[in-house]
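Colleague: I'd like to ask some things about the structure below.
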């Protein structure tokens with residue numbers, strides 16, 4: 001669970017690329033079909049020779065072929081580069097993606113801002129997992145082991161009685177983009193007890209996902225946890241027993257909305273802070 005996070009652990013390996021002679025009309029269609037706004041350009045030897053983005057298509061004079069508009073000064077990363085170093089490069093260069101090349105110069109993958117966000121989310125979770133793991137060991141006087149694995153949503157035993165619809169929307173967005181952090185599960189006997197990640201699990205089931213990424217703490221024996229007893233009393237045995245609250249906001253969302261309402265009109269999204277605003281603020 002520890003150790004340096006590397007580019008190769010988070011990059012996308014199945015990269016959609018184009019070649020210098022690809023018609024720009026095909027690139028536009030590819031962008032519409034995939035939702036991506038840029039592609040590496042490779043030659044016949046799979047060496048990267050450029051990158052073409054929506055900015056090239058929008059801001060440059062129209063040309064028929066990729067080679068006539070692509071950027072040839074391409075910043076690349078190597079697989080064994082640390083995530084932190086790659087993040088710094090992307091930030092300093094003002095770019096949103098880094099093609100990843102091997103020692104032979106061939107394209108091996110690509111890493112994007114989304115991958116960077118995912119890496120930071122996943123690195124924050126182990127702290128929470130290890131804390132809960134140690135708490136269980138001290139509470140029950142046992143030794144546990146920890147493993148990251150995919151767990152079937154049908155096997156998960158929920159312990160939470162409700163989830164919020166607006167939070168489900170956010171988790172659905174994260175799952176679709178590969179940003180959702182792993183759930184936390186305790187394996188006691190043959191039971192897979194969901195400790196943290198109910199919104200993720202419900203969102204995954206609604207998306208038709210049969211399994212979700214989890215940190216699994218194995219107790220190596222059959223113990224009934226206090227949260228199981230509480231769930232039993234509340235009648236929570238499976239996901240059908242969880243109530244989806246759609247007439248109230250998740251506490252975090254509610255706080256955010258409350259702050260937005262208190263925010264001066266000139267500071268709200270879509271408003272611009274002008275020199276007149278600054279002068280008025282100084283006079284108040």
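Residue numbers (the UniProt record's numbering): 1 to 284. Cβ coordinates follow ideal geometry from the N, Cα and C atoms, glycine included.
#1: Let me check understanding here. Comparing Cα to Cα, which of 11, 14, 13 and 38 lies closest to residue 24?
#2: Compare the Cα-Cα distances from residue 216 to each of 161, 246, 148 and 71 and report the closest residue.
#3: Is the number of C-beta pairs between the segment 168-185 and the segment 96-106 that are closer than 8 Å three or more?
#4: May I ask you to report which of helix, strand or coil DSSP gives residue 148?
#5: Check residue 76 in the structure and name its three-state DSSP category.
#6: Going by DSSP, what residue range makes up the alpha helix (DSSP H) through residue 8?
#7: Is the distance from the Cβ of residue 21 to the Cβ of residue 67 below 8 Å?
#8: On a Cα-Cα basis, can you pick out the residue from 117, 243, 17 and 44 that is closest to residue 165?
#9: Let me know the secondary structure DSSP gives residue 304 once reduced to three states.
#10: Excluding the 5 residues preceding and the 5 following residue 117 in the sequence, name in chain order all residues of the same chain whose CB lies nearer than 7 Å to its CB.
#11: Can you tell me whether DSSP reads residue 109 as helix, strand or coil?
Modeller: Looking at the coordinates:
#1: In the chain shown, the residue the question calls residue 24 occupies position 24. That would be 38, whose Cα lies nearest to the Cα of residue 24.
#2: In the chain shown, the residue the question calls residue 216 occupies position 216. The option with the nearest alpha carbon to residue 216 is 148.
#3: Fewer than three pairs of CB atoms, one per stretch, sit closer than 8 Å, so the segment 168-185 makes no contact with the segment 96-106.
#4: On the chain shown, position 148 is the one that residue 148 refers to. Three-state result, residue 148: strand.
#5: The count along the chain shown starts at 1 and reaches residue 76 at position 76. DSSP places residue 76 in coil when its eight states are reduced to three.
#6: The residue you call residue 8 lines up with position 8 of the chain shown. It spans 7-10 - the alpha helix (DSSP H) in which residue 8 sits, taken as one unbroken run.
#7: Stepping through the chain shown from its first residue, residue 21 is reached at position 21. Stepping through the chain shown from its first residue, residue 67 is reached at position 67. A contact, by the Cβ cut-off of 8 Å.
#8: Within the chain shown, residue 165 is the residue found at index 165, counting from 1. Cα-wise, what sits closest to residue 165 is 243.
#9: Outside the displayed span of the chain (1 to 284) sits residue 304, for which this structure offers no information.
#10: What you label residue 117 is simply residue 117 of the chain shown in a count that begins at 1. Excluding sequence neighbours, residue 117 sits near 179.
#11: Counted from its first residue, the chain shown places residue 109 at position 109. In the structure shown, residue 109 sits in a strand (DSSP, three-state: E or B).
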